[in-house]
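**Q** Protein chains in written order, with my numbering: chain A, 2 to 888; chain B, 3 to 115.
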């Protein structure tokens, strides 16, 4: 037993003794202890202790609890009622303060709750799978001589072989990410983009519920398909779907089951799930990245162990294949800087912590979760600070009340309880309004963040309890300082009418204002820097023209491309077109191995296929040689980007060089030799999060030519709508049963940065709220400070100071505070935003963000002046006689 | 009515105390309820029920012996009073009567076919 004396948890024993009625204590504690020792011998200390704690907590019930004795005063409840009444009266008497306090608190709590809801939904990803703690995805760090890529997709046999060779693996499942296919049922055709293919045990490993169909028979036929509920509804309405046949590009598919729509908190989703066996192009393989591999480990297995074992697995199975492909030994291959590092990712971590290539969907980012959580904490802290500031600021007004109470015999304790009750009232009211606000805002918030958060899931007794306790605690914490300050006034002093100048309190109040502005300025600067980075990405020269490009996707559906292009070319406003296998930023690239002729070692390049006019349409620069064109026979021509020229180690003029496309053991026809026809200037063919990597461009006339599925049109922006419609007509004529899908390139590129844009917008909202709350606090403080200097101002004016001079004097106090806040905020913002910018391969320099700090400082100063000016101008303009007469 | 009404859980507790005979104290009652009725209740919930029953006069209790396992604290043994027995009988006969009034066809669907 790990525990010393095997006694029940001490704290809980004491707690129990503290709250249990004395007459029952001996019996109950005896019973609990007896049970504890029994559990101890049966289940060991941890379980016994846990059960004991649970029992103690369940003892908290009226029949066991001591009668509450909060005060020695017999009339406690009467006191409480009077205090409550006084608190309410006070709050209603000072409507502006109450409004500021309650309103500020309500808004910040509402924001805080929304953030928590958001965080909750982001962190709940994949938490519903039956063995989620043991379920992992196999991911890969692929080291190349000049860079490293991180892949979510891995070779087809990676999991299968692990399940065979490693005794620690209980089961495996593969999911093929799929492609878009046309699906027809009773003459109605839909383009289905969310098609996935999986192994038979998919529904055992993943917690997606099957609504109809038998789990064991789902994949009994090769052409089985399982539909999501809404897909089934789309094709079959209310009719029975199981057993029906759908026609598709993959042949007839038999519906064998219906699953619930993939829960939103899953890192993938499917509308159609087909049998992996149907895709015969997927073959046993250890080097081509094709599927998402999942492993279910046995109970208690450390994933690190599997990671280590994968090193051997690569040596054993992949090395041979690599050697055949590369024609060098695996040792040489590794020595030249190549390598495979397979590792397991917990499935529950994928959504927030995995940003690999070929993810199912754009994942979230744990950094944003941390940022948002800290913002939530800060905003509530800001509101609490206001509360303290406003309460102390009002102390001048309440000094007399306190004096009289003390003279009439109030104890300090009673006064403290009165002020605490007041502040708890405020925080409870704030909480109530906040909950109301959350209910109002949630629909809009859902729309904005693309989530479907259901509040009804959160209205549980526990949550309501937590909120109540939280608002009590918040009210207590915020009220405790003012309560002590107010209740410690000397009655003789305050009743004489002397102003309170608590020097000790000054630094606390000033410190709080500095803190508030510090937070606000950090937020302002961060928002501005986010904006700068977004603008930078939009304005950056990507190496091609992204504006006014209309993309016809799935152009391979058209039977005769040439006729189609001729027809489209006749539409007014179309100024040129060209097709490619992948559009920059959005497309999928395939990998192929190349080596320079005469060199043994080959490297993998991302590949794309361009038809003749694509380079010209996209206005990409050709640095050397030529682009593909009709005048040339380009079957064996190749274009490279600059990086590829460097990566292949080409010396001198690259044009005319022979480059070998290594086919390896898979292709008996052997390697194919291509001539480099031209070099394209590096263009950002992926998002700006990643650097430009080496790329090879095949011609549409080459063996890969069938792939050109995206037709890019250079169009006149003023006629965009009519062009889209005209093409629709032509499409309907030429490809009647195919879906017409089009997009604008600049929109598609913007979508790459959707997460950043949304966070930027959220930042903006939070910043606004933070500034607003800080201003309220400053407003309160100004009331206090200027209120206490009103006589000084009177004297100054009598002695000849101008109003302007007085305003300036009053403002300068606040300038100091803001200045300190700016000084503190700059390094903090630089640090936070530095972290954020790390996520971009192409980013603004920190030094270029100075303008953001200037703007941030000036804005906060201006806002502070505006806030303070109301009071200072009023004080400066007032008649000095009035202020001096009251003595 | 409120004074003599016997709740369902209280009825279970009474029966368990009776079945435990002279060994009915907190821990045994709780375990018996777990084993026989398959209900996992907390000691606190049991305490509430026991003190209600005692208030109503259905059970009495007396101090028992102390034991080292209990940190030297005494047990409190519970016994059912005559009032308690009467209440149990009443509850049972009330229930029997209700049962007897239900047509058999409702209780056993398929009866008589």
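Beta carbons are placed, not taken as given, at the ideal position from N, Cα and C, and that holds for glycine.
Using a C-beta cutoff of 8 Å, does residue 29 of chain B count as contacting chain A?
**A** Closer than 8 Å: yes.
**Q** Tell me the residue span of the beta strand (DSSP E) that contains residue 328 of chain A.
**A** Here residue 328 of chain A belongs to no beta strand (DSSP E), and DSSP marks it neither H nor E.
**Q** Quick check on the burial criterion: 16 or more other C-beta atoms within 10 angstroms. Buried or exposed for residue 336 of chain A?
**A** The residue in question, residue 336 of chain A, is exposed, as its Cβ has fewer than 16 Cβ neighbours within 10 Å.
**Q** When the cut-off is 8 Å and only beta carbons count, does residue 49 of chain B lie next to chain A?
**A** So yes, residue 49 of chain B belongs to the interface.
**Q** For residue 627 of chain A and residue 373 of chain A, what's the separation of their Cα atoms in angstroms?
**A** Approximately 50 Å between the Cα atoms of the pair.
**Q** Could you work out which residues of chain B lie near residue 62 of chain A, taking near to mean beta carbons separated by less than 7 Å?
**A** Those within 7 Å of residue 62 of chain A in chain B are 46, 50.
**Q** Around the Cβ of residue 265 of chain A, are there at least 16 other Cβ atoms within 10 angstroms (buried) or fewer (exposed)?
**A** Per the 10 Å Cβ criterion, exposed.
**Q** Can residue 225 of chain A and residue 255 of chain A be called in contact, C-beta distance under 8 Å?
**A** It is a contact, given that the beta carbons lie within the stated cut-off.
**Q** One question on the structure: do residue 585 of chain A and residue 684 of chain A come within less than 8 Å of each other, judged by their Cβ atoms?
**A** In contact: residue 585 of chain A and residue 684 of chain A (Cβ atoms closer than 8 Å).
**Q** Do residue 145 of chain A and residue 842 of chain A have their C-beta atoms within less than 8 Å of each other?
**A** No, they are not a contact pair.
**Q** Roughly how many angstroms separate the alpha carbons of residue 851 of chain A and residue 839 of chain A, rounded to a whole number?
**A** Cα-Cα distance, rounded: 18 Å.
**Q** Is it the case that the Cβ atoms of residue 130 of chain A and residue 203 of chain A are separated by a distance below 8 Å?
**A** Not in contact: residue 130 of chain A and residue 203 of chain A (Cβ atoms no closer than 8 Å).
**Q** Flag this pair as yes or no: are the beta carbons of residue 701 of chain A and residue 559 of chain A separated by less than 8 Å?
**A** No, these two residues do not count as a Cβ contact at 8 Å.
**Q** Terminal residues of the continuous beta strand (DSSP E) containing residue 872 of chain A?
**A** From DSSP, residue 872 of chain A is part of no beta strand (DSSP E) but of the alpha helix (DSSP H) over 851-878.
**Q** Give a yes or no on whether the minimum CB-CB distance between residue 25 of chain A and chain B is below 8 Å.
**A** So yes, residue 25 of chain A belongs to the interface.
**Q** Kindly list the residues whose CB is nearer than 6 Å to the CB of residue 695 of chain A, restricted to its own chain and excluding five residues on each side of it in sequence; keep chain order.
**A** Answer for residue 695 of chain A: 606, 644, 645, 648, listed in chain order.
**Q** Since I believe residue 209 of chain A is in contact with residue 260 of chain A (beta carbons under 8 Å), could you give me their beta-carbon distance rounded to a whole number of angstroms?
**A** Going by Cβ atoms, the distance from residue 260 of chain A to residue 209 of chain A rounds to 5 Å, so yes, they are a contact pair.
**Q** Comparing alpha-carbon positions, which option in B:51, B:28, B:21, B:98 lies nearest residue 7 of chain B?
**A** The option with the nearest alpha carbon to residue 7 of chain B is B:51.
**Q** Hey, how far is the Cα of residue 613 of chain A from the Cα of residue 823 of chain A?
**A** Their backbone Cα atoms lie some 57 Å apart in a straight line.
**Q** Within the 8 Å Cβ cut-off, does residue 22 of chain B reach chain A?
**A** So no, residue 22 of chain B is outside the interface.
**Q** Taking the alpha-carbon of residue 295 of chain A as reference, which of A:471, A:345, A:629, A:341 has the nearest alpha-carbon?
**A** The candidate whose alpha carbon is nearest that of residue 295 of chain A is A:345.
**Q** Mapping the DSSP letters down to three states, classify residue 842 of chain A as helix, strand or coil.
**A** In this structure, residue 842 of chain A counts as coil in the three-state DSSP scheme.
**Q** Compile a chain-ordered list of the residues in the stretch 71-83 of chain B whose CB is closer than 9 Å to at least one CB of chain A.
**A** Residues passing the 9 Å Cβ filter: 71, 72, 73, 74, 75, 76, 77, 78.
**Q** Just reading off the alpha helix (DSSP H) that residue 28 of chain B is part of, what are its end residues?
**A** That run of the alpha helix (DSSP H) goes 28-34.
**Q** I need the straight-line Cα distance from residue 409 of chain A to residue 862 of chain A, nearest angstrom please.
**A** Each residue's alpha carbon lies about 46 Å from the other.
**Q** Between residue 475 of chain A and chain B, is any beta-carbon pair separated by less than 8 Å?
**A** No - not a single Cβ of chain B is within 8 Å of the one on residue 475 of chain A.
**Q** Within its chain, find whatever has a CB closer than 6 Å to the CB of residue 97 of chain B; leave out the 5 residues flanking it on each side and keep chain order.
**A** None.
**Q** If you count every other CB in all the chains shown that lies within 10 Å of the CB of residue 880 of chain A, and 16 or more means buried, which is it?
**A** Exposed, by the Cβ-count rule.
**Q** Which bits of chain B does residue 7 of chain A rub up against, with CB to CB less than 9 Å?
**A** The premise fails here: residue 7 of chain A is roughly 11 Å from chain B at the closest Cβ pair, so nothing lies under 9 Å.
**Q** So residue 31 of chain A is in the beta strand (DSSP E); what residue range does that whole segment cover?
**A** Here residue 31 of chain A belongs to no beta strand (DSSP E); instead the alpha helix (DSSP H) covers 23-44.
**Q** Relative to the C-alpha of residue 79 of chain B, which residue among B:89, B:63, B:16, B:22 is closest?
**A** Closest option to residue 79 of chain B, Cα to Cα, is B:63.
**Q** List, in order along the chain, the chain A residues whose C-beta lies closer than 7 Å to that of residue 53 of chain B?
**A** Ordered by position in chain A, the residues that pass the 7 Å Cβ test against residue 53 of chain B are 64.
**Q** From what residue to what residue does the beta strand (DSSP E) around residue 550 of chain A run?
**A** First-last of the beta strand (DSSP E) with residue 550 of chain A: 550-554.
**Q** Spell out a yes or no on whether the stretch 765-777 of chain A and the stretch 376-386 of chain A are touching, meaning 3 or more CB-CB pairs, one atom from each, closer than 8 Å.
**A** Judged by Cβ distances under 8 Å, the stretch 765-777 of chain A makes contact with the stretch 376-386 of chain A, as three or more pairs qualify.
**Q** Kindly say whether residue 59 of chain A, judged by its beta-carbon, lies nearer than 8 Å to any beta-carbon of chain B.
**A** Yes - at least one Cβ of chain B is within 8 Å of the one on residue 59 of chain A.
**Q** For the stretch 461-475 of chain A against the stretch 432-439 of chain A, do three or more pairs of beta-carbon atoms, one drawn from each stretch, fall closer than 8 Å, so that the two count as touching?
**A** Taking 8 Å as the limit for Cβ pairs, the verdict is that the stretch 432-439 of chain A does touch the stretch 461-475 of chain A.
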